[in-house]
Structures are given as structure tokens and as C-alpha cells.
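Undergrad: Shown below is the structure under consideration.
Number of protein chains: 2
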Amino acid sequence: MLNQSSDLDRLFHALSDPARRAILERLSLAPVSVSGLARPLPMSLPAVLQHLHVLDGAGLIRSEKVGRVRTCAIEPAALGRAEQWINARRTEWEHRLDRLGEYLETLSREGADDDRGP
Amino acid sequence: MLNQSSDLDRLFHALSDPARRAILERLSLAPVSVSGLARPLPMSLPAVLQHLHVLDGAGLIRSEKVGRVRTCAIEPAALGRAEQWINARRTEWEHRLDRLGEYLETLSREGADDDRGP
DNA sequence: CGATTGGTTAAGCATAAACTTAACTATAGG
DNA sequence: CCTATAGTTAAGTTTATGCTTAACCAATCG
Chain A
60 MLNQSSDLDR LFHALSDPAR RAILERLSLA PVSVSGLARP LPMSLPAVLQ HLHVLDGAGL
120 IRSEKVGRVR TCAIEPAALG RAEQWINARR TEWEHRLDRL GEYLETLSRE GADDDRGP
Chain B
60 MLNQSSDLDR LFHALSDPAR RAILERLSLA PVSVSGLARP LPMSLPAVLQ HLHVLDGAGL
120 IRSEKVGRVR TCAIEPAALG RAEQWINARR TEWEHRLDRL GEYLETLSRE GADDDRGP
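Protein sequence lines correspond, in order, to chains A and B.
For what it's worth, our numbering labels the leading residue of the first sequence as 60, then goes sequentially.
For what it's worth, our numbering labels the leading residue of the second sequence as 60, then goes sequentially.
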């Protein structure tokens, strides 16, 4: 797992803003145009554009311009990478609990016949 | 799912920093003291303390002080909440694909016997 | 063509983040 | 007691974020 951390940095940072999460929630239902995404949000169009740029930089969305309208769509693979990191932590944590369990079991077994040892 | 977004804000923001993720990776293996966490990190102790405060504020770790050493441990439930949001997006996206699939199927069926008029 | 609609860029600003150093507190150990 | 260790707080600096307004381009459409 050799540090390509700036990738995860961008990913989690992109997810840390409620407006950006709202955009992703919207896009996970269907592709939407830039102004369509902006309509429900309490901010200017350029602000939305900046959020879209952050999401794009994180690989969370892709977009294509046809005529004068740019349509954005979610890129689920990126979410997968975030989930992967989280899952790895959980796995490690569970293994740690396993090792702890084994250790405690060993302790109680050694406690049962404690004539063994110095 | 009524917007308790500032909760997720803190969560994802906490995960967006490589130092904080490094701390979590460490803690998912075993509990560690503050200075133990600081040792491998390229920054001052107070900086680490600030990161720990962010992680604590996001609910990602808990810590307890005994004597003069504070020992930190991971709080896996918080990671679960992040994962939950991600999974909800994936689920929506898959449902969207299902609906798209049905639609396309409908189209091709209607195309097969196109004697049925408007 | 001329006006609109949809999007984009640039510049500026206020706030928040991530650090630092310097001081200070509180336990341990000799 | 005296000093080193472990942590904490405060204050200040630099950079990044999130937003705004004011132009500016480029497809449509009457």
C-alpha cells in the first residue's frame, strides 16, 4: 500500500462538503446538467462550478459537453476506492480483536494449570 | 435521512488528511499513546494533538488518560457511518442502472412488434 | 441579426486549516 | 526535592477553501 495518499486526500476532501455530497446524491439518481445541479443549491453558478471541479479532480464525476450544455454523471469507481480504505481499517481492527481474543484465551488456559513455568 | 450533514462533514474532513489517516491506520492495529503516535510523524507534538482533536471531534477515536499518558484507540462505529453514506450512493446508482436496463428492454420489446401504434 | 440561455474565467475577500514556537502543568523516578 | 517525561494551551503565520461579483464566450432561437 505505497502512499498514493494525495489521491485519497482529494477523494475524502471532496466528500467533506455538504454541497458536493448533495451533488453526488443527485447524480447517483441520474445525470444532470450544470445549471440543473445548481438550481436547488443556495449559491451562485460559479460556486457550483468550483465544486464540480473539485469532484472531477477527485475522479468522482465525469462530464461531457454537447452543444452548450454540460451533463455530469457519477463515477462510482472513485467511491469504491474510498470504501476500500475504510474497509481495510475495519479488517485490521477485527484482526486485532481476534489476536486479543486469542491472547486472553491463552491467559485463561495458562491460569487454569498454572504449575507450568518459572 | 434528515440532514445531520455537519456530522458527515467532520467525518470526511477528518479522513481527508494523510497524517490523520496514518494515525487511524496505526490505531486500527492497536491502541497507542499520544507521543507514540507522534514519533513517526514529520511534525511537532502540538500539531499531532490538533489532529487527534479533529479525529475525536469526528468520533473516529476515543482516548483515556491514566497517570500522565493518554492512550488513544479507534472508534470503528464512525467509519461505519462514512461507509454507510457511500453505500447508499452506490445502491442508488445501481437502482438507476436497473431502471435504465428496464427502459432499454421496454424499448427493444416495443421495437420488436412495432405494429402497435401511438 | 440580436437577445437569451448555459457555461466559464478572473479577481477579490473572509474564514478555516495546518503548522510552528514558546510557555506551562502534572506525573514519575532517582 | 529535582529533573526529565508526557501532554496541553496559547498565539501567531501561512496557505487553502468557499464564496461572491463582474465580465466574457458560445450555442440557440425569434
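A virtual CB, placed ideally from N, CA and C, is assigned to each residue, including glycine.
What does D66/B touch in chain A if you count any residue whose Cβ is under 8 Å from its own?
TA: Residue 66/B sits at position 7 when you count from the first residue of the second sequence. The contacting residues do not exist; D66/B stays about 10 Å from chain A at best.
Undergrad: Taking contact to mean at least 3 C-beta pairs separated by less than 8 Å, is the segment 104–113 of chain A in contact with the segment 115–128 of chain B?
TA: No, the segment 104–113 of chain A is not in contact with the segment 115–128 of chain B.
Undergrad: Can the beta-carbon of L88/A be found closer than 8 Å to that of E151/B?
TA: Counted from its first residue, the first sequence places residue 88/A at position 29. Counted from its first residue, the second sequence places residue 151/B at position 92. Yes, the pair counts as a contact, with Cβ atoms nearer than the cut-off.
Undergrad: Quick one: which chain B residues come within Cβ less than 9 Å of A141/A?
TA: Within the first sequence, the letter at position 82 stands for residue 141/A. Going along chain B in sequence order, the residues near A141/A (Cβ under 9 Å) are F71, L74, A141, E142, I145.
Undergrad: Along chain A, in chain order, which residues have C-beta atoms closer than 7 Å to that of S92/B?
TA: Walking along the second sequence from the start, residue 92/B turns up at place 33. Correct list: empty, because the minimum Cβ distance to chain A is about 17 Å.
Undergrad: Which residue comes first and which comes last in the alpha helix (DSSP H) that contains A81/A?
TA: Your numbering for residue 81/A matches position 22 in the first sequence. Element bounds for A81/A: 77–86.
Undergrad: Bridge partners for V113/A per DSSP, in chain order?
TA: The residue given as residue 113/A occupies position 54 in the first sequence. V113/A pairs with nothing; no bridge assigned.
Undergrad: Please name the residue, chosen from G160/B, R155/B, C131/B, L138/B, that lies closest to D66/B on a Cα-to-Cα basis.
TA: For the purposes of this step, residue 66/B is identified with residue 7 of the second sequence, where counting begins at 1. With distances taken between Cα atoms, D66/B lies closest to L138/B.
Undergrad: Which residues bound the alpha helix (DSSP H) around A97/A?
TA: By one-based count along the first sequence, residue 97/A stands at place 38. Element bounds for A97/A: 93–97.
Undergrad: For E123/A, which residues in chain B fall below 9 Å Cβ to Cβ?
TA: By 1-based counting over the first sequence, the position of residue 123/A is 64. Residues of chain B passing the Cβ test: none, with the nearest at roughly 17 Å.
Undergrad: Listed in chain order, which residues of the segment 103–127 of chain B have Cβ atoms closer than 7 Å to some Cβ of chain A?
TA: For the segment 103–127 of chain B, which is checked against every Cβ of chain A, not one residue is closer than 7 Å.
Undergrad: Less than 8 Å between the C-beta atoms of L96/A and C131/A, yes or no?
TA: Taking the first sequence and counting its residues from 1, one reaches residue 96/A at position 37. Taking the first sequence and counting its residues from 1, one reaches residue 131/A at position 72. Their beta carbons are under 8 Å apart, which means L96/A touches C131/A by this criterion.
Undergrad: Along chain B, which residues have their Cβ under 7 Å away from the Cβ of P135/A?
TA: Working through the first sequence from its first residue, we reach residue 135/A at position 76. Neighbours of P135/A on chain B, chain order: R149, W152.
Undergrad: Quick check: the Cα distance between P135/A and R127/A, rounded to an integer number of angstroms?
TA: Here residue 135/A refers to the residue found at position 76 of the first sequence. Here residue 127/A refers to the residue found at position 68 of the first sequence. One C-alpha to the other measures close to 26 Å.
Undergrad: If we ignore side chains and look at the alpha-carbon of each, how far apart do F71/A and D157/A end up?
TA: The count along the first sequence starts at 1 and reaches residue 71/A at position 12. The count along the first sequence starts at 1 and reaches residue 157/A at position 98. F71/A and D157/A: Cα-Cα distance of roughly 29 Å.
Undergrad: Who does I120/B pair with in a DSSP beta bridge?
TA: Taking the second sequence and counting its residues from 1, the one referred to as residue 120/B is at position 61. I133/B.
Undergrad: Is the CB-CB distance between R180/B and V91/B below 8 Å?
TA: Nothing in the structure corresponds to residue 180/B, since chain B is present only between 60 and 177.
Undergrad: Out of curiosity, what's the CA-to-CA distance linking I82/B and I120/B?
TA: Translated into the one-based positions of the second sequence, residue 82/B becomes position 23. Translated into the one-based positions of the second sequence, residue 120/B becomes position 61. Taking the straight line from one Cα to the other gives about 10 Å.
Undergrad: Between the C-alpha atoms of L61/A and T165/B, what's the straight-line distance to the nearest angstrom?
TA: In the first sequence, the residue the question calls residue 61/A occupies position 2. In the second sequence, the residue the question calls residue 165/B occupies position 106. Here the model assigns L61/A a pLDDT of 43, short of 50, so the residue's position is not dependable, and the following value carries that caveat. Straight-line Cα distance between these residues: approximately 47 Å.
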